[in-house]
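J.: This is the structure I want to talk about, given as structure tokens.
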Amino acid sequence: MNDERGTGIAARLSAVRAHIDEATQRAGRPAGSVRLVAVSKTKPVAALREAYAAGQRDFGENYAQELVEKANALRDLPDLRFHFIGKLQRNKARDVVGAATLIHTVDRSELAEAVNRRAAAENKRISVLVEVHLGDEASKGGVKPEGLGALLTAMRAMEGLDVRGLMAIPPPSDDENVARSYFATMRALRDEHGGVAALPELSMGMSSDYEAAIAEGATLVRVGTAIFGARG
Ligand SMILES: *Cc1c(COP(=O)(O)O)cnc(C)c1O
35 MNDERGTGIA
45 ARLSAVRAHI
55 DEATQRAGRP
65 AGSVRLVAVS
75 KTKPVAALRE
85 AYAAGQRDFG
95 ENYAQELVEK
105 ANALRDLPDL
115 RFHFIGKLQR
125 NKARDVVGAA
135 TLIHTVDRSE
145 LAEAVNRRAA
155 AENKRISVLV
165 EVHLGDEASK
175 GGVKPEGLGA
185 LLTAMRAMEG
195 LDVRGLMAIP
205 PPSDDENVAR
215 SYFATMRALR
225 DEHGGVAALP
235 ELSMGMSSDY
245 EAAIAEGATL
255 VRVGTAIFGA
265 RG
């Protein structure tokens, strides 16, 4: 980005925050109802410190080992929060439960069980979102909308889990109307499965489409490139 606000992380963060505030207001939603998760995967610890110095507190990471390493390296910043947004394997539940405030990507009952067991072992409740699969790309994670009800029922019975909402990574699209229709589907699924009271969080929207996601009710937007620049 090359405008009067400059090109550093602090400048890009403030531009993204301004866009979030504008989109929130346009949608008629209360100020502050959308939280920015700065997606820092593959970026060095120095970049996270720079964002932290500019007031950013929520960071998203995709890989369990990288999450643990960064959490250790940034222990001196106690109010920094990590979100786990990557594909999670059962044998990584320990790392992620220990280091993340919110896991966005629980999408099957065996994984939910593993996270639940790990939380119980640490005597805590971990906040989680259920990842929903939209579109039909075979390779992506997420529970199909048809299976969401059963998975939610199973997870709500697990004492180590606090089920906070839904997450999605819709198929990429250049057409803003298509992107927006996926986000609208998420909002409808949330309403169908208990509404805002039961599922207050909707994690959706990335650098290219977070404003459309906010228009449809996103409470957590996951933005990487627009803050930290392209990944190598
Ligand atoms: C990498 C990633 C993002 C951030 O994507 P950008 O396009 O860089 O903003 C958001 N969500 C998930 C799940 C990701 O893996």
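To convert, take the position in the sequence shown, counting from 1, and add 34; that gives this note's numbering. No residue lacks a Cβ here, since even glycine has one placed at the ideal position from N, Cα and C. Computed from a predicted structure; not experimentally measured.
For residue 112 and residue 175, what's the separation of their Cα atoms in angstroms?
T.: As a working note, residue 112 is residue 78 in the sequence shown. As a working note, residue 175 is residue 141 in the sequence shown. So the two alpha carbons sit approximately 31 angstroms from each other.
J.: In angstroms, rounded to a whole number, what distance separates the CA positions of residue 240 and residue 256?
T.: Locating residue 240 in the sequence shown gives position 206, counting from the first residue. Locating residue 256 in the sequence shown gives position 222, counting from the first residue. Using only the alpha carbons, I get a separation of about 5 angstroms.
J.: Using 10 angstroms around the beta-carbon of residue 259, count the other beta-carbons present and answer buried if the total reaches 16, otherwise exposed.
T.: Numbered from its first residue, the sequence shown carries residue 259 at position 225. Exposed.
J.: Drop a sphere of 10 angstroms on the beta-carbon of residue 2, count the other beta-carbons inside from all chains shown, and report buried for 16 or more, exposed for fewer.
T.: Past the edges of the chain, shown from 35 to 266, lies residue 2, and the structure says nothing about it.
J.: Around the C-beta of residue 178, are 16 or more other C-beta atoms found within 10 angstroms, so that it is buried, or is it exposed?
T.: Looking up residue 178 in the sequence shown gives position 144. Answer is exposed; the Cβ neighbour count stays below 16.
J.: Beta carbon of residue 185, beta carbon of residue 153: below 8 angstroms?
T.: On the sequence shown, residue 185 is found 151 positions in, with the first residue counted as 1. On the sequence shown, residue 153 is found 119 positions in, with the first residue counted as 1. When the beta-carbon positions are compared, residue 185 and residue 153 stay at least 8 angstroms from each other.
J.: For residue 117 versus residue 134, is the C-beta distance shorter than 8 angstroms?
T.: Within the sequence shown, residue 117 is the residue found at index 83, counting from 1. Within the sequence shown, residue 134 is the residue found at index 100, counting from 1. Yes. Within cutoff.
J.: If you scan the stretch 121-147 from start to end, which runs of the alpha helix (DSSP H) of 4 or more residues do you find wholly inside it?
T.: 127-133
J.: I want to know whether the stretch 86-96 touches the stretch 142-150 - three or more CB-CB distances under 8 angstroms.
T.: no
J.: Does the distance from the C-beta atom of residue 201 to that of residue 163 stay below 8 angstroms?
T.: The residue you call residue 201 lines up with position 167 of the sequence shown. The residue you call residue 163 lines up with position 129 of the sequence shown. Their beta carbons are under 8 angstroms apart, which means residue 201 touches residue 163 by this criterion.
J.: For residue 165, count neighbouring Cβ atoms within 10 angstroms of its own Cβ and tell me buried if that reaches 16, exposed if not.
T.: Working through the sequence shown from its first residue, we reach residue 165 at position 131. Buried is the call here.
J.: Quick check on the burial criterion: 16 or more other C-beta atoms within 10 angstroms. Buried or exposed for residue 158?
T.: Here residue 158 is taken as the residue at index 124 of the sequence shown, counted from 1. By the Cβ-count criterion, residue 158 is exposed, with fewer than 16 other Cβ atoms from all chains shown falling within 10 Å of its own Cβ.
J.: Within 10 angstroms of the Cβ of residue 58, are there 16 or more other Cβ atoms? Answer buried if so, exposed if not.
T.: The residue you call residue 58 lines up with position 24 of the sequence shown. Its Cβ being crowded by 16 or more others within 10 Å, residue 58 is buried.
J.: So does residue 199 have its beta carbon nearer than 7 angstroms to some heavy atom of ligand 1?
T.: Here residue 199 refers to the residue found at position 165 when the sequence shown is read from its first residue. Incorrect: residue 199 has no Cβ contact closer than 7 angstroms to ligand 1.
J.: For residue 236, report the span of its beta strand (DSSP E) as first-last.
T.: Numbered from 1 along the sequence shown, position 202 holds the residue referred to as residue 236. Residue 236 -> beta strand (DSSP E) spans 235-237.
J.: Could you tell me the distance, in whole angstroms, from the CA atom of residue 221 to the CA atom of residue 235?
T.: Counting from one through the sequence shown, the residue named residue 221 turns up at place 187. Counting from one through the sequence shown, the residue named residue 235 turns up at place 201. Each residue's alpha carbon lies about 10 angstroms from the other.
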